[in-house]
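Asker: To convert, note that position 89 of the sequence shown is 89 in the numbering used here; the numbers rise steadily by one, no gaps.
The beta-carbon is built from N, C-alpha and C at its ideal position, and this holds for glycine as well.
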Amino acid sequence: MTTSTTHAETLCLHHGHRADPTTGAVAVPIYQTTSFDLGTTARAEDLFALAELGNVYTRIMNPTCDVLEQRVAALEGGAAALAVASGQAATT
Numbered sequence: 001m002t003t004s005t006t007h008a009e010t011l012c013l014h015h016g017h018r019a020d021p022t023t024g025a026v027a028v029p030i031y032q033t034t035s036f037d038l039g040t041t042a043r044a045e046d047l048f049a050l051a052e053l054g055n056v057y058t059r060i061m062n063p064t065c066d067v068l069e070q071r072v073a074a075l076e077g078g079a080a081a082l083a084v085a086s087g088q089a090a091t092t
């Protein structure tokens, strides 16, 4: 049995994202928003309690940053990665 290794360049371009099913666009969209529609108050409660994974506020979770984190984790061979915009977390 042979083992295939994905090259770093391929991971940088493709990991953590699939083409948009509606438009067929393959590039990762840049979500330039600070907040997201939370739906119901019950769902908002679950999101803020971290009982449900989802987008709440762009500094907490953003779809564009999620793809970046997945790609960094794949490149580093880690289970996960965390990208932060600013503050003390960005310096440690």
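So what does V31 bridge to, in DSSP terms?
Answerer: The sequence shown places Tyr at residue 31, not Val. Bridge partners of Y31: none, in fact.
Asker: Within its chain, find whatever has a CB closer than 7 Å to the CB of A19; leave out the 5 residues flanking it on each side and keep chain order.
Answerer: A25, V26
Asker: Which term fits T10, buried or exposed, when burial requires 16 or more other beta carbons within 10 angstroms of its beta carbon?
Answerer: exposed
Asker: Between which two residues does the alpha helix (DSSP H) holding F48 run?
Answerer: Its alpha helix (DSSP H) spans residues 41 to 48.
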